[in-house]
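**Student:** Residue numbers (the working numbering), protein chains in the order written: chain A, 5 to 630; chain B, 516 to 614.
We put the beta carbon where it would ideally sit given N, CA and C, even for glycine.
Okay, here's the thing in structure tokens:
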């Protein structure tokens, strides 16, 4: 099965092409083929996983050589897959959650005339994501990296007949391209230093390169990760990306693509292990985004945008963990897996709510949905408890580990990162509870034409499965350190360090903060009346709900100067370069026009000209000029 | 009488001839101006020949007379042809030399 891992990529890719090429003929069965392709990938991935479980921990790294991609002179680039515990974890997450989301989409997109194309894009996304995580070199990873970017663009802009959706798709694409420059630069530096882009070769000889070079590579990789994972300062696209259909938000913008940045950092762990500076910057970016995302989440009334802010914030946790080095790698991936389940579940829940509320996303118009949509309420509630980090739900096992790990270290770092992670947990509890209570509790604030009803089983079944994962997966993977041990061949064995505060203290503090956040949210949005229209925002709310004016800042600081620069260059091109060329032509034309007057055909004027010319010549000779 | 006076006379004659060519519209008058200029040139040749004590200038003066006679024949023929075609001998009327 391990040698058949190429099927993981080939099947969804082939299905995607068939769906695009088959045209309307595939309308009747295309979506089921999409589901089947994703499910097949899951079966193959699961088979590979089982086979890997049967091997010793040391021999769980399996390289699959596919073909020689580029061969010229000294340079040979092979396309190959690397199947190891890390990549197979991603494969299982992507294909399992992906298949559930495919299933959900069958019902969610039922009335969309372009459902077939939607499934083609979803399949394309699955194929690209699997290529990204299975690649055995940065170059092949880059192909998948761009592939998910393309699929994300196509899916965000799926309803591109609305200009703002098309704009959101463009924004996501462009911001991601900025991040990609980081990856390209990193690849350039890697190639210059190592002469190869293969993971195995690079990580073997990583000691031979100076720390300065490794720091540069690490920072360039971080730029790439901030773009894909919506981290500061490239986080601005994720909120707008919610314009896409909700299954897309669940699949791409919660469970898979945005986690690619974390994957990149963890995969490059051997490089980061040798550069303290780059690691601290990664952790700082994670910590900053974690708080920013949480604060933005507190101010959003749009359910999907609140969830998007939450995603940003949770990935901040993962980045923070990844920046802590080997002690955090496994926890970053652990949180990534549990987050993939509960956040995808909540996005699907949000989709179910929107489905019931005429596609309204304004939480101020929800309320009291728990009786009308029991399944959605329960499944969403499990996701909510999981993200809060309430024991024994999934998020508790993964997030608490990150908070503990953040408190490990020397000097200022454990205090800053640890307290940030701790406060982040409280903020998370507040904004997620706000979202939960506003949607499902309190009084009904629907518009008259809303008739909330439970979604069809095709939508509820995936939600139920994901909520079971939200509830139990963390406990299952954490018991006996099952998951961290499983990842150890890749992430390396981390010595146990004592955090600066003792573990029970950290855990108690976290739970107290979480409880506090929930209680405040309950008092404000559960028990009291929620205004149907957003009240006049205070300054803080205004800033947060506008994403800290990042867009305005980017526009003012980057976009506008850029525009001015290009305008100036265009003007200079027109005035100076074109001016010089056209000016020469015009000048010659004018000279011709002037000389034309002398060719009048008048005999006497010719005679006069000749006379004047001869007189001039003679004068010249006489005066000795000539 | 110094031979240089003849050079001055030639200059004056040349000026009168040139003025006639440039200012008069009548082709015959202009033609006479041309003859006057040629004669001025001849006079200058002969004068210079005398000043330098050599015969070349006088020889050239004969050549000029021959060329002038030929030119008169051609020129008058053109003027007659012009008159036949346009019923005028004004020099400003035709502009066929214009490009």
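1. I want to verify the contact list: residues of chain B whose CB lies under 9 Å from the CB of residue 615 of chain A, in sequence order.
2. Once DSSP output is grouped into helix, strand and coil, what is the label at residue 224 of chain A?
3. Between which residues of its own chain and residue 301 of chain A is the CB-CB distance below 7 Å, once the five residues before and five after are set aside?
4. Would DSSP call residue 80 of chain A helix, strand or coil?
5. By DSSP's criteria, residue 202 of chain A is part of a beta bridge. Which residues make up the other side?
6. Spatial neighbours of residue 508 of chain A within its chain, please: C-beta separation below 7 Å, excluding the five flanking residues on both sides.
7. Give the C-beta separation of residue 148 of chain A and residue 132 of chain A to the nearest angstrom, bearing in mind that I take them to be a contact with Cβ-Cβ under 8 Å.
8. Since I believe residue 172 of chain A is in contact with residue 247 of chain A (beta carbons under 8 Å), could you give me their beta-carbon distance rounded to a whole number of angstroms?
9. Under 7 Å between beta-carbons, which chain B residues line up against residue 596 of chain A? List them in chain order, please.
10. Check whether the Cβ atoms of residue 529 of chain A and residue 441 of chain A lie closer than 8 Å to each other.
11. To the nearest angstrom, report how far apart residue 489 of chain A and residue 413 of chain A are at their CA atoms.
12. If we ignore side chains and look at the alpha-carbon of each, how far apart do residue 285 of chain A and residue 219 of chain A end up?
13. Among all the DSSP beta bridges, which residues are the ones paired with residue 605 of chain B?
14. What separation, rounded to the nearest whole angstrom, lies between the Cα atoms of residue 456 of chain A and residue 119 of chain A?
15. Buried or exposed for residue 653 of chain A, please, with buried defined as at least 16 other CB atoms from any protein chain shown within 10 angstroms of its CB.
16. Please state whether DSSP places residue 294 of chain A in a helix, a strand or coil.
17. So which of A:598, A:20 and A:459 has the shortest CA-CA distance to residue 381 of chain A?
18. As an exercise, report each continuous alpha helix (DSSP H) stretch of at least 4 residues that is fully enclosed by the region 323-369 of chain A, in chain order.
19. Please check if any C-beta of chain D sits within less than 8 Å of the C-beta of residue 618 of chain A.
20. When you compare only the Cα positions, how much space is there between residue 268 of chain A and residue 233 of chain A?
21. Can you grab the Cα-Cα spacing for the pair residue 493 of chain A / residue 59 of chain A, in whole Å?
22. Identify the residues that DSSP records as bridge partners of residue 506 of chain A: which are they?
23. Taking a cut of 7 Å between CB atoms, which residues from the region 574-608 of chain A lie near chain B?
24. Applying the 10 Å Cβ sphere with the 16-neighbour rule, what's the burial state of residue 549 of chain B?
25. Is DSSP giving residue 33 of chain A helix, strand or coil here?
26. Tell me, which residues are paired with residue 128 of chain A by DSSP?
27. Rounded C-beta distance between residue 429 of chain A and residue 504 of chain A? I'm assuming under 8 Å.
28. Among A:337, A:37 and A:623, which residue has its Cα nearest to the Cα of residue 126 of chain A?
29. Can the beta-carbon of residue 190 of chain A be found closer than 8 Å to that of residue 228 of chain A?
30. By the DSSP assignment, the alpha helix (DSSP H) with residue 432 of chain A in it spans what residues?
31. Where do the N-terminal and C-terminal ends of the alpha helix (DSSP H) with residue 16 of chain A fall, by residue?
32. If the cut is a Cβ gap below 7 Å, which residues of chain B does residue 4 of chain A touch?
33. Starting from residue 562 of chain A, trace the alpha helix (DSSP H) both ways and give me its first and last residue.
34. Alpha carbons only, please: which of A:90, A:117, A:402 and A:45 is nearest the one belonging to residue 29 of chain A?
35. DSSP state of residue 86 of chain A, grouped into three classes?
36. Run through DSSP, which three-state label would residue 149 of chain A get?
**Tutor:** Looking at the coordinates:
1. 533, 536 and 537
2. Taken through DSSP and simplified to helix, strand or coil, residue 224 of chain A comes out as helix.
3. Closer than 7 Å at the Cβ level, and outside the excluded window around residue 301 of chain A, lie 310, 313, 314, 317 and 435.
4. Residue 80 of chain A falls in the strand class under three-state DSSP.
5. BP columns for residue 202 of chain A point to A:141.
6. Only residues of its own chain outside the window of five on either side were considered, and among them none has a CB closer than 7 Å to the CB of residue 508 of chain A.
7. 5 Å
8. 4 Å
9. Chain-order list of chain B residues neighbouring residue 596 of chain A: empty, with the shortest C-beta distance near 11 Å, by a criterion of under 7 Å.
10. yes
11. 22 Å
12. 10 Å
13. According to DSSP, which records beta bridges pairwise, residue 605 of chain B is partnered with B:541.
14. 24 Å
15. Beyond the ends of chain A as shown, which are 5 and 630, falls residue 653 of chain A; an answer cannot be given.
16. helix
17. A:459
18. 330-360
19. Protein chains A and B are contained in the structure displayed, whereas chain D is not.
20. Take the alpha-carbon of residue 268 of chain A and the one of residue 233 of chain A: they are about 10 Å apart.
21. 12 Å
22. For residue 506 of chain A, which the question treats as bridged, DSSP gives no partner whatsoever.
23. Residues passing the 7 Å Cβ filter: 603, 604, 605, 606, 607 and 608.
24. buried
25. Note: residue 33 of chain A maps to coil in three-state DSSP.
26. None, per the DSSP bridge assignment.
27. Actually they do not touch by this definition, with Cβ atoms about 17 Å apart.
28. A:37
29. yes
30. Residues 417-444.
31. 10-26
32. Nothing about residue 4 of chain A can be read from this structure; chain A reaches only from 5 to 630.
33. Careful: residue 562 of chain A lies outside any alpha helix (DSSP H) and carries neither H nor E.
34. A:117
35. The three-state reading of DSSP puts residue 86 of chain A in strand, counting E and B together.
36. helix
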